[in-house]
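Engineer: Going by the numbering used here, the sequence shown opens with residue 530, and the numbers climb by one from there.
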Amino acid sequence: MNKLMELYRDRIVGAISGLDRIRFRGTLRWLASERGMGTFMNQARILLKDFSGWVNGLTAQVRDSCESRAKDLGIEVRYLMSSGVDKEKLARQIAADKRITEGSICLLSVVEPCIAPMVKGNKASKKLELVMAPRKCVFVYHYFNDPVFGFGHVRIQSWAPFNIFICLNGRHWLERQLQKQGIDYVKDGNCFVRIEDIAAAQVLLHEQLKTDWAKLLNGLALGSCPALSQILRPLEPEYYWSADETEWATDIMFKSVEALEELFPSFVHHAMRVCDSSSVMKYLGRRNLAGAAPDEVISDYRRRYEGIRVKHSVNYNSVKMYNKSGSLLRIETTINNTRDFKVFRSPNDDEGKPASWQKMRKGVSDLHRRCEVSQQCNDRYGDALAAAQVEEKLKEVVSSACNKVVKEGKRYRGLNPWQQDDYQS
530 MNKLMELYRD RIVGAISGLD RIRFRGTLRW LASERGMGTF MNQARILLKD FSGWVNGLTA
590 QVRDSCESRA KDLGIEVRYL MSSGVDKEKL ARQIAADKRI TEGSICLLSV VEPCIAPMVK
650 GNKASKKLEL VMAPRKCVFV YHYFNDPVFG FGHVRIQSWA PFNIFICLNG RHWLERQLQK
710 QGIDYVKDGN CFVRIEDIAA AQVLLHEQLK TDWAKLLNGL ALGSCPALSQ ILRPLEPEYY
770 WSADETEWAT DIMFKSVEAL EELFPSFVHH AMRVCDSSSV MKYLGRRNLA GAAPDEVISD
830 YRRRYEGIRV KHSVNYNSVK MYNKSGSLLR IETTINNTRD FKVFRSPNDD EGKPASWQKM
890 RKGVSDLHRR CEVSQQCNDR YGDALAAAQV EEKLKEVVSS ACNKVVKEGK RYRGLNPWQQ
950 DDYQS
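Below is the structure:
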């Protein structure tokens, strides 16, 4: 990234790098598999024939707790007839209509597909069996505009295994940090067009990575559904928190829309014509080993209402580039498959064993390293863009000769280089 910043330093105001969208998952690992659920039921002395009644009772507790909490918070509770409704858009509309600028916004419930434990009869053995299978259940969404983290939501699966999904955005979080520090800024959606003190903003983004994630996420979950800490008593399994998907974005702020528009077509051309499969694998930290089956590398171009986006994907991870808000160039790495990266730690977190490079986990304990490798991906891609050849357009080269001129009160037409009489003269 330094090469790109140095090359166009006269056009660039500055840049910030940090978390964008993060999707966390909370899992009760005892309940997340057939074996684990079977062990839990044995410990709790629950028979297979009683499974349906037991889980239905837990589901009722979860939903009642969510709705009771919403009532205490004084927010709207709404049941949606279709899972296709844009819930974030609806929540923002409710917040706008009710002028909610901080705190809880609404509670939405909707039936959606899930993977869940079920008890079915085995025709061959003529016995009941516990299986994990697709089904549908009610999911509860709690939307909020937190005074610390900004806009986000908690999504709770009301049927076993009671998974929790929490979505936060590092840029909304940064906005709250800037407000607290009294730093002036201009924000457009989830990006900052201008920040009074860019260096201070970068420090605040790094502060986010020092968060006690388990404590934070447990607090948000119980704040939406207090019953989650009680429904499985006398056993008290804890939620394991992981990051299903992370987006790490570098936003380069140009001095003007024109300063970026002059360069951006060359960046797009370079990304689609010069960045081949081996280059893309390099950006995402992959080595193309001789003799190994190559990964599928996908590069695609899409024109959006706000600009152009170029995306390169390998094995469910991607790096992309797009222009936003006129004068902002964003380079963003999205990681879904952490196993493509390494983290230096003891095997299975056993401190008695020597540390070595291990495959990265989705657990929040490896989130700091995940952000490090994401920044490295952004840096490699930014340095590659610095090699894009930005040349004068033909229009700019010939405009002085092709434009009409007035000399000593007399008007002369411009030359046409493609007309035989003109280019021979």
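All C-beta atoms, glycine included, are put in the ideal place defined by N, C-alpha and C.
Would you grab the beta carbon distance between residue 702 and residue 737 for me? Rounded to a whole angstrom, and I think it's under 8 Å.
Structural biologist: In this structure, residue 702 and residue 737 form a Cβ contact; the two beta carbons are roughly 6 Å apart against a cut-off of 8 Å.
Engineer: Counting Cβ pairs closer than 8 Å, one from the stretch 828-837 and one from the stretch 795-812, do we hit at least three?
Structural biologist: yes
Engineer: Please determine, among 740, 639, 623, 638, the residue with the shortest C-alpha to C-alpha distance to residue 632.
Structural biologist: Of 740, 639, 623, 638, the residue nearest in Cα terms is 623.
Engineer: Measuring only the C-alpha atoms, how far is residue 945 from residue 932?
Structural biologist: Spanning the alpha carbons of residue 945 and residue 932 requires a straight line of approximately 9 Å.
Engineer: Taking 8 Å as the threshold, find out whether the stretch 582-596 comes into contact with the stretch 752-764 through three or more Cβ pairs.
Structural biologist: In this structure the stretch 582-596 lies against the stretch 752-764, because at least three pairs of beta carbons, one per stretch, are closer than 8 Å.
Engineer: Per DSSP, what kind of secondary structure is residue 742 in: helix, strand or coil?
Structural biologist: In this structure, residue 742 counts as helix in the three-state DSSP scheme.
Engineer: Do you know how far the Cα of residue 561 is from the Cα of residue 690?
Structural biologist: Distance between the alpha carbons of residue 690 and residue 561: 6 Å.
Engineer: Assign residue 776 to one of two classes, buried (16 or more other C-beta atoms within 10 Å of its C-beta) or exposed (fewer than that).
Structural biologist: buried
Engineer: Which one of 856, 636, 546, 555 has the shortest CA to CA distance from residue 773?
Structural biologist: 555
Engineer: Report all residues from its chain with a CB closer than 6 Å to the CB of residue 806; omit the five preceding and five following residues, and keep chain order.
Structural biologist: Non-local beta-carbon contacts of residue 806 in its own chain, meaning distances under 6 Å to residues more than five positions away in sequence, involve 826 in chain order.
Engineer: Specify the secondary structure class of residue 816 as computed by DSSP and reduced to three states.
Structural biologist: Coil.
Engineer: Can you round the beta-carbon distance between residue 665 and residue 642 to whole angstroms, since I take them to be within the 8 Å contact cut?
Structural biologist: 5 Å between Cβ atoms; contact.
Engineer: Could you name the residues of the same chain whose beta carbon sits closer than 6 Å to that of residue 688, not counting the 5 residues immediately before and after it, in chain order?
Structural biologist: 588, 645, 666
Engineer: Under the criterion of a Cβ to heavy atom distance below 7 Å, does residue 743 qualify as lining the ligand HEM?
Structural biologist: The model depicted lacks the ligand HEM and carries no ligand whatsoever.
Engineer: So the candidates are 859, 607, 656, 634; which of them puts its Cα closest to the Cα of residue 668?
Structural biologist: 607
Engineer: Would you mind listing the beta strand (DSSP E) stretches within the stretch 600-676 that are 3+ residues and don't spill past its ends, in chain order?
Structural biologist: 605-608, 632-651, 656-675
Engineer: Taking all protein chains shown into account, decide if residue 706 is buried (16 or more other Cβ within 10 angstroms of its Cβ) or exposed.
Structural biologist: Per the 10 Å Cβ criterion, buried.
Engineer: Which value, in whole angstroms, describes the spacing of the CA atoms of residue 712 and residue 726?
Structural biologist: Cα-Cα distance, rounded: 7 Å.
Engineer: May I ask you to list the residues that DSSP assigns as paired with residue 965?
Structural biologist: In the structure as shown, the chain begins at 530 and stops at 954. Residue 965 is therefore absent and cannot be evaluated.
Engineer: By DSSP's criteria, residue 531 is part of a beta bridge. Which residues make up the other side?
Structural biologist: For residue 531, which the question treats as bridged, DSSP gives no partner whatsoever.
Engineer: Near residue 750, which residues of its chain fall below 8 Å by C-beta distance, leaving aside the five closest residues on each side in sequence?
Structural biologist: Leaving aside the five residues that flank residue 750 on each side, the residues in its chain whose CB is nearer than 8 Å to its CB run, in chain order, 555, 683, 685, 693, 695, 757, 768.
Engineer: I'd like to know whether the C-beta atoms of residue 720 and residue 857 end up nearer to each other than 8 Å.
Structural biologist: yes
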